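In the UniProt record's numbering, the protein residues as written are 1 to 343.
Read the structure below first, then the notes.
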């Protein structure tokens, strides 16, 4: 196509051309669908008038010529095979004979989240394209076989296929709203009681894989609810923070001298690259992703004293009981001293 603007120019030109050409034709197709320079149409006026229509289209502009493929029952369009079956149009995936299905190998050095997204993306594409259950199941079986040849774990493939299969096709066909990238600020909160909602009962919207203010801080192991009386936000420094997995409710207590936003960015990098930390290991378990991370600041120290911050972290680890196997903190942290200062 040449430059990045070429497809836009082509769309503008073809849009104007086809409008004039169709309006000037004595007979028009029942359906006319175009993607840049590929066109799918349904003709209901007989073969002789179809020949006249094609001649009219090819003579309408001196440099634009149309080639055609005609079939009464089955025809490919882009990556879709369209079939007329019992008076209805059915669709299935159309693959070119030269397609080698040479997907990215599981053993490649790409980030783990990139490789894990491939099976679901391919399976979700099949849900959108295949209109019948039989065609969908056949393509799922082919996809699983091809991905296993590329080294993908069978369990990873099955999880992706089941996730895609759970999405109803009408919902899958809905156009997604594009969200422009931008910086989202989260408000400070003060004198609030935090109550962690369980996934089964919560109707509160979440912001996947991001920092957000919720109205709960509850231990997922002993159910205790604690009050926060500090003004904390994602820009707060010298803080204790709580990570909760929305998939299994396990929790992690951490400390940082940096801002909560900066520390969360570091955690997300570790998770996406499977760096081997306790948090990264947990969110790289089967059926876990970085989308299940919720993080909030729960306490703050006025200075940047490392000892005091460490002791405060240990206090919260014991208070919320976040050590393994109940939570994500490693057991060695249980032996850290808790220093109490008397005045």
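Ideal Cβ positions, reconstructed from N, Cα and C, are used throughout, including at glycine.
Computed from a predicted structure; not experimentally measured.
DSSP on residue i, reduced to helix/strand/coil?
{"i": "residue 429", "result": "Residue numbering for the chain in the displayed model covers 1 to 343; residue 429 lies beyond these limits and cannot be assessed."}
{"i": "residue 162", "result": "helix"}
{"i": "residue 344", "result": "The structure shown does not extend to residue 344, since the chain spans only 1 to 343, so no value can be given for it."}
{"i": "residue 5", "result": "coil"}
{"i": "residue 53", "result": "helix"}
{"i": "residue 76", "result": "strand"}
{"i": "residue 232", "result": "strand"}
{"i": "residue 154", "result": "helix"}
{"i": "residue 134", "result": "helix"}
{"i": "residue 425", "result": "Limits of the chain in this structure are 1 at one end and 343 at the other, which puts residue 425 out of reach."}
{"i": "residue 173", "result": "coil"}
{"i": "residue 27", "result": "coil"}
{"i": "residue 114", "result": "helix"}
{"i": "residue 358", "result": "Examination of residue 358 is not possible in this model, given that the chain is present from 1 through 343 alone."}
{"i": "residue 13", "result": "helix"}
{"i": "residue 129", "result": "helix"}
{"i": "residue 168", "result": "coil"}
{"i": "residue 145", "result": "helix"}
{"i": "residue 87", "result": "coil"}
Between residue i and residue j, which are expected to be in contact by the criterion C-beta below 8 Å, what is the C-beta distance as a whole number of angstroms?
{"i": "residue 129", "j": "residue 79", "result": "7 Å"}
{"i": "residue 140", "j": "residue 123", "result": "7 Å"}
{"i": "residue 329", "j": "residue 278", "result": "7 Å"}
{"i": "residue 252", "j": "residue 327", "result": "6 Å"}
{"i": "residue 82", "j": "residue 17", "result": "At roughly 24 Å, the Cβ-Cβ gap does not stay under 8 Å, so residue 82 and residue 17 are not in contact."}
{"i": "residue 127", "j": "residue 92", "result": "Not a contact, Cβ separation roughly 12 Å."}
{"i": "residue 255", "j": "residue 173", "result": "Between residue 173 and residue 255 the Cβ distance is about 47 Å, and since that is not below 8 Å, they are no contact."}
{"i": "residue 238", "j": "residue 303", "result": "7 Å"}
{"i": "residue 36", "j": "residue 10", "result": "6 Å"}
Checking contacts by CB at 8 Å: is residue i closer than that to chain D?
{"i": "residue 31", "result": "Of the protein chains in this structure there is only one, and it is not chain D."}
Buried or exposed for residue i, please, with buried defined as at least 16 other CB atoms from any protein chain shown within 10 angstroms of its CB.
{"i": "residue 5", "result": "exposed"}
{"i": "residue 32", "result": "exposed"}
{"i": "residue 292", "result": "buried"}
{"i": "residue 270", "result": "buried"}
{"i": "residue 74", "result": "exposed"}
{"i": "residue 432", "result": "It is not possible to answer for residue 432, since the shown part of the chain is limited to 1 through 343."}
{"i": "residue 69", "result": "exposed"}
Per DSSP, which residues does residue i bridge with? Please list them.
{"i": "residue 92", "result": "81"}
{"i": "residue 39", "result": "34"}
Query raised in the report: Mind pulling the beta strand (DSSP E) runs of 3 or more residues that sit fully within the UniProt domain "GIY-YIG" (236 to 330)?
Result: Runs of the beta strand (DSSP E) inside the UniProt domain "GIY-YIG" (236 to 330): 239 to 245, 251 to 256 and 293 to 300.
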